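Since the structure comes first, as structure tokens, the remarks are kept for the end.
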Amino acid sequence: MSLDQERVAKFVGDIRQSRDRLLRIAEMPEKDFLTDLDSQDIARSRLLTMIQAALGICYHVCAKEFDYVPSDYAACFSRLGEAGLLDPGLAARLVAMARFRNRLVHLYWETDYRIVHGIIRNDLPDLDSFVLAVEKLL
0 MSLDQERVAK FVGDIRQSRD RLLRIAEMPE KDFLTDLDSQ DIARSRLLTM
50 IQAALGICYH VCAKEFDYVP SDYAACFSRL GEAGLLDPGL AARLVAMARF
100 RNRLVHLYWE TDYRIVHGII RNDLPDLDSF VLAVEKLL
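Here you go:
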């Protein structure tokens with residue numbers, strides 16, 4: 000089975016579009032970000048979009064390349080790391096991001112926007128690295 004390049008391209012486009020919007024917000028000093036509810040909403044939404052798109056790619060790769068359906072979001076990135084498609088350190092960071100996604104969705108009222116700001120300021124390159132690894136498969 001082969002990867003659906005159009006499907007992967009759609010997800011990659013979502014990741015890149017969200018990243019571009021988040022990079023502008025990441026330039027805000029933390030104290031300004033923490034008082035700007037609109038920026039917080041955009042950051043949360045775009046971060047969720049990026050992570051969800053990466054998971055969409057991950058599940059597609061697992062299904063097509065390994066005939067495997069991960070038991071949860073974190074297991075998806077772990078599987079790609081175990082298979083050597085992702086650097087183990089990158090896979091571990093993406094696992095943490097998937098778990099943070101779950102907190103954003105299921106415990107949204109407890110969102111710590113300091114953590115969100117830190118992620119958009121420091122961790123977006125991990126999703127770029129993920130995209131590059133997937134593009135090698137195509």
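So for the sequence shown, numbering that gives the first Met the number 0 puts the first residue at 0; every next one is plus one. We put the CB at the ideal spot given by N, CA and C, even for glycine. Please read all numbers here as calculations on a predicted model, not as lab measurements.
- Look at the region 78 to 132 and you find no whole run of beta strand (DSSP E) that is 3 residues long or longer.
- Excluding residues up to 5 positions away in sequence, V94, A97 and R98 lie with their Cβ nearer than 7 Å to the Cβ of A73 in the same chain.
- When DSSP states are grouped into helix, strand and coil, M49 belongs to the helix group.
- In the three-state DSSP reduction, V68 falls in the coil class, being neither helix nor strand.
- A direct Cα-to-Cα measurement between L33 and S128 gives close to 28 Å.
- Using a 10 angstroms sphere on the CB of A8, the tally of other CB atoms stays under 16, which defines it as exposed.
- In the structure shown, the three-state DSSP call for E29 is helix.
- The three-state reading of DSSP puts S17 in helix, counting H, G and I together.
- Around the beta carbon of I114, a 10 Å sphere encloses fewer than 16 other beta carbons of the protein chains shown; the residue is thus reported as exposed.
- Setting aside the 5 residues that flank it on each side, T110 is surrounded in the same chain by R43 and L103, each with a C-beta closer than 7 Å to its C-beta; the list follows chain order.
- A straight-line Cα-Cα distance of about 9 Å links R120 and M27.
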